[in-house]
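Here the sequence shown stands for residues 56 to 500, where the numbers follow the working numbering.
Structure record follows, encoded as C-alpha cells.
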Amino acid sequence: MIELNKTHDPELRSWVASANRPGNDFPIQNLPFGVFRRRGQGELFRGGVAIGDCVLDLGRVHAAGVFSGLAHQALAAANKPELNELMALGKPAWAALRQALSQALASDSTMQAHLAGALLPQEELEYSVPARIGDYTDFYTSIHHATSVGRLFRPDNPLLPNYRWVPIGYHGRSSSIRVSGQRFPRPRGQTLPPGSTEPVFGPSKRLDYEVELGLFIGTGNALGTPVALSDAEDHIFGICILNDWSARDLQAWEYQPLGPFLAKNFATTLSPWIVTLEALAPYRVPFARADGEPKPLPYLDSVSNAEAGSIDIRLEASIQTGAMRTQGIAPQQLSCTSFRHAYWTAAQLVAHHTVNGCNLQPGDLLGTGTQSGPTPEEAGSLLELSVGGKQPIALVNGEQRTFLEDGDVLVMRAWCDRPGAARIGFGEVSGEVFAAPAAGMSSAG
Ligand code: MN
C-alpha cells in the first residue's frame with residue numbers, strides 16, 4: 056500500500072494555471088501518463104504527463120537534463136512511442152519520477168523557465184494506446200453485473216457457485232484495442248433469433264458497451280513464480296478507463312461452453328491517460344462485502360487488502376446519438392457508479408492471475424469487468440439498464456435506446472473526489488459505431 060506524501064498535498068498548486076482550476080481532471084496531485092504527438096506534424100508518439108489543459112513532453116524534459124538519478128532514468132524510458140520500458144522499471148522509478156515532476160511543476164519551482172517549452176496545449180495533440188499490450192485479460196468483478204446478466208441469460212440459475220470464490224475472467228484479444236476516439240463498424244456474426252432453432256448471419260442487433268477500468272501491469276513476474284497478494288500492487292503501473300464493446304446477440308449464441316469470443320474481440324477502447332496507483336492513494340477504501348458473503352481463500356486475503364484494498368473511483372457513462380449531435384445536444388448520462396463496489400480488488404486480480412504460475416508482462420492489460428453498483432441506476436451496460444432490451448431508455452430529444460444504433464457515441468468519464476484530498480480525473484474515453492459495411496466485404500481485383 057502506498058503512503059500519502061507531499062505529492063498528494065491538497066494545498067499544492069502549479070505554475071501551470073489551468074491545473075489549479077477547480078474541477079479540472081489534471082491538477083498537480085494527479086500526473087497521469089500517456090503517449091501523444093502533435094496532430095498533423097508527422098511526429099513520433101512519445102510519453103507525456105497531463106497537467107491542467109496541457110501535456111508535459113517527457114522527451115523535452117529529459118533533453119533539458121533537469122532531473123537526476125532514477126527520475127532521469129525514468130524520463131529516458133518514457134520518451135518512447137509505448138510506455139512498456141517505464142512500466143518495467145518498477146515502483147521506485149515511478150515514485151522518483153512522480154516526486155521530481157511534482158516539484159518541477161509546483162508553483163514554487165525554480166524550473167519553470169526550463170520546462171515552459173516542454174508544455175503543449177492538449178487541443179493540439181492526439182494520443183495512442185499507451186503501451187504495447189501483449190496480453191489482455193477481462194475479469195468480471197461486479198457481483199451486481201454478474202447477477203443481473205446471469206438472470207437474463209439463465210433465469211433459473213443467475214449466479215454460478217464459483218463466482219464467490221474465483222475471480223472469473225477470460226483471455227481477451229489485444230489487437231483490436233484502440234485509444235479514445237475509436238470508430239468501428241457494427242460487428243457481424245451468427246445469432247439465434249428468438250423462437251428459432253437455426254442461427255442467422257448479419258449485423259449485431261444488440262450492440263452494447265461495458266463500463267470498466269483497465270489495470271496496466273508494470274513489472275511482470277517470472278513464469279512459474281506467482282505474485283503474492285502482499286506484493287501484487289507493486290506490479291500495477293496504473294489505471295485507465297476501458298469500454299469493452301459487446302455484441303449481446305452474438306454472445307448469447309456463442310458463449311457456452313468456453314465463454315466470450317467474437318462478441319467481444321472486434322473493439323475495445325481505452326482512455327489515453329493512465330492514473331498511477333500512487334496518485335490514487337488518497338481514495339483507498341476498505342474492501343467490504345455484504346453480510347453473509349464468504350471470506351476469500353487465504354491466497355486472496357490479507358489485513359491490508361481488507362483495510363484499504365478497494366479504490367473509490369467514480370465511473371460515468373453518457374450517450375450522444377447522431378441526432379443529438381446534429382441538434383447540438385450534449386451527451387446524456389446513462390449511469391454512474393464506483394469501483395468501490397467491486398467483489399474483488401485490483402491486488403486480488405493480480406494474485407489470482409499468477410497463482411498458477413502464469414506470467415504477466417509489462418504493458419499487459421487487465422480489465423475489471425463491467426462495473427455495476429448495487430442499484431439499477433448504477434448499471435454499467437445497456438443490457439442491464441434496458442433489462443435485456445425490454446425497457447427502452449428515454450433520451451432528452453425524444454429518442455429511445457435499448458441497444459446502440461449506428462452513429463451513437465458513448466462517452467465514459469472517471470474521477471476521484473473526497474473531502475481532504477484534491478479531486479483527480481481520468482479524462483474520458485469515447486467511441487462511435489457506424490453501419491456495418493455492405494455484405495460481401497472486400498472484393499479481390
Ligand atoms: Mn467486459
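Each residue gets a CB set at the ideal place from its N, CA and C atoms; glycine is no exception.
Please identify the residue among the options whose C-alpha is closest to the C-alpha of residue i.
i	options	result
P327	P185, T280, A151, L262	P185
Y182	R228, F91, L170	F91
G486	G475, L465, P492, A476	L465
E140	V110, F271, P258, I198	F271
S301	V405, T425, N452	T425
H226	F316, G275, R241, A490	F316
N360	D472, L152, F342	F342
A345	Q84, R219, I57, L437	R219
H200	G453, A434, P492	A434
L99	G120, S229, N134	N134
T246	L86, F239, G257, R238	G257
To the nearest angstrom, how far is it from the Cα of residue i to the Cα of residue j?
i	j	result
R339	E371	19 Å
A283	G273	15 Å
T192	G422	6 Å
S357	Q403	10 Å
T430	T165	50 Å
G500	T196	In this prediction, G500 has a pLDDT of 39, which is less than 50 and means its spatial position is unreliable; nothing more can be read from the coordinates.
S498	G97	Low per-residue confidence applies at S498: pLDDT is 47, beneath 50, and the placement is therefore not dependable, though the value from the model is reported in the following sentence. Looking at the two C-alpha atoms, the distance is approximately 31 Å.
I296	A168	34 Å
V221	D286	19 Å
E439	R456	12 Å
V488	P312	29 Å
A322	D299	7 Å
I329	G114	18 Å
S73	P82	8 Å
G428	R241	28 Å
D472	A336	12 Å
Helix, strand or coil for residue i per DSSP?
i	result
S498	Model confidence at S498 stands at a pLDDT of 47, short of 50, so the residue's coordinates are unreliable and nothing is read from them.
S235	coil
V282	coil
V116	helix
F489	strand
Q382	coil
A322	coil
I223	coil
Y182	strand
W70	coil
E483	strand
F88	strand
S203	helix
Q158	helix
E267	strand
V405	helix
N452	coil
Just curious, the beta strand (DSSP E) that residue i is in, first and last residue?
i	result
D193	191–194
L170	Run containing L170: none in the beta strand (DSSP E); it sits in the alpha helix (DSSP H), 167–170.
A372	369–375
Q245	243–246
Which residues in the same chain have their Cβ closer than 7 Å to the Cβ of residue i, if we skip the five residues on either side of it in sequence?
i	result
A277	N414
N60	none
Y354	L284, A406, V410
Residues in its own chain within less than 8 Å of residue i by CB, not counting five upstream and five downstream?
i	result
N411	P281
L268	I294, C295, I296, L297, I368, L370, F394, G422, T423, Q426, A469
R380	G462, V464
Only counting the same chain, and skipping five residues up and downstream in sequence, which positions put a Cβ closer than 6 Å to that of residue i?
i	result
D80	G480, G482
E66	none
L459	L262, V488
R468	E371, E483
D190	D419
S203	E439
Alpha helix (DSSP H) containing residue i: first to last residue?
i	result
M142	139–144
A126	124–133
S359	358–363
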